[in-house]
Each structure stands twice: as structure tokens, then as C-alpha cells.
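Peer 1: Got a structure for you, written out below as C-alpha cells; questions coming shortly.
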Amino acid sequence: MTIERFAQRLAAGLAVGGLLLLLAAFLCAVSGDGVGVVNSVHNVGGFILASLGVFFVLVGLTVASAVPGGSERTSSPGEV
Numbered sequence: 006m007t008i009e010r011f012a013q014r015l016a017a018g019l020a021v022g023g024l025l026l027l028l029a030a031f032l033c034a035v036s037g038d039g040v041g042v043v044n045s046v047h048n049v050g051g052f053i054l055a056s057l058g059v060f061f062v063l064v065g066l067t068v069a070s071a072v073p074g075g076s077e078r079t080s081s082p083g084e085v
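For what it's worth, the working numbering labels the leading residue of the sequence shown as 6, then goes sequentially.
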């Protein structure tokens, strides 16, 4: 596996993980139907999950944009 391929997989994993964190933040925010402390804990938890989700998506996009495209090797490993 080349470093470019690894970086592409890492970027995709970070982006998908960030989107899943955003989904968890949304679910945490809408399920906070308790009173007082429970509602504030859900709000803080949702904010933290949303912040991490946005961070992961942005890091994934940054890594994906830094990987040069079309640099796949076409020769076999034995060729020079």
C-alpha cells in the first residue's frame, strides 16, 4: 500500500467518523427531554460531539486535498 492510498483511506475514515459524530450530536440534542440537569448535560454532550464531528470532517477534507491525485504506479514492483 502506498502512502497516497493510506492517506486516502485515512481521509475517508476521518470524514465518515466525523459525520457519524454529527449524527450522534443531533440525536443527543433531540433526546434531551429531561428536566434541568439532564437537559443541560444533553446540550453540552451534543455540543462536544458536534465540535468533534466538524473537526474530524475538516481534518479528513484537509488530508484528502493534500494527497496528489493520479499518482498511482502503473509498473509492477519488479520493473525499474
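Note that beta-carbon positions come from the ideal geometry of N, C-alpha and C, so glycine has one too.
May I ask you to report which of helix, strand or coil DSSP gives Ser70?
Peer 2: Locating residue 70 in the sequence shown gives position 65, where the first residue counts as 1. Three-state DSSP puts Ser70 in a helix.
Peer 1: Near Val62, what residues of its chain come up, given a Cβ to Cβ distance below 7 Å and the 5 sequence neighbours on each side ignored?
Peer 2: Taking the first residue of the sequence shown as position 1, residue 62 is located at position 57. Only Ala20, Gly23 and Leu24 meet the Cβ criterion.
Peer 1: Within 10 Å of its beta-carbon, does Ala30 have 16 or more other beta-carbons around it, so buried, or fewer, so exposed?
Peer 2: On the sequence shown, position 25 is the one that residue 30 refers to. Label assigned to Ala30: buried.
Peer 1: Helix or strand or just coil, what does DSSP make of Ser56?
Peer 2: Reading the sequence shown from its first residue, position 51 is the one you call residue 56. Correct three-state label for Ser56: helix.
Peer 1: Could you compute how far the alpha carbon of Ala12 sits from the alpha carbon of Gly58?
Peer 2: Taking the sequence shown and counting its residues from 1, one reaches residue 12 at position 7. Taking the sequence shown and counting its residues from 1, one reaches residue 58 at position 53. Using only the alpha carbons, I get a separation of about 19 Å.
Peer 1: Find out if the Cβ-Cβ distance for the pair Ala55, Leu26 is shorter than 9 Å.
Peer 2: Along the sequence shown, one-based indexing puts residue 55 at 50. Along the sequence shown, one-based indexing puts residue 26 at 21. Yes; because the gap between Cβ atoms is below 9 Å, this pair is in contact.
Peer 1: Return the CA-CA distance between Ala69 and Phe60, expressed in angstroms with no decimal places.
Peer 2: Translated into the one-based positions of the sequence shown, residue 69 becomes position 64. Translated into the one-based positions of the sequence shown, residue 60 becomes position 55. In this structure, the CA atom of Ala69 is about 14 Å from the CA atom of Phe60.
Peer 1: Kindly indicate which three-state DSSP category Val40 falls into: helix, strand or coil?
Peer 2: On the sequence shown, position 35 is the one that residue 40 refers to. Coil, per DSSP.
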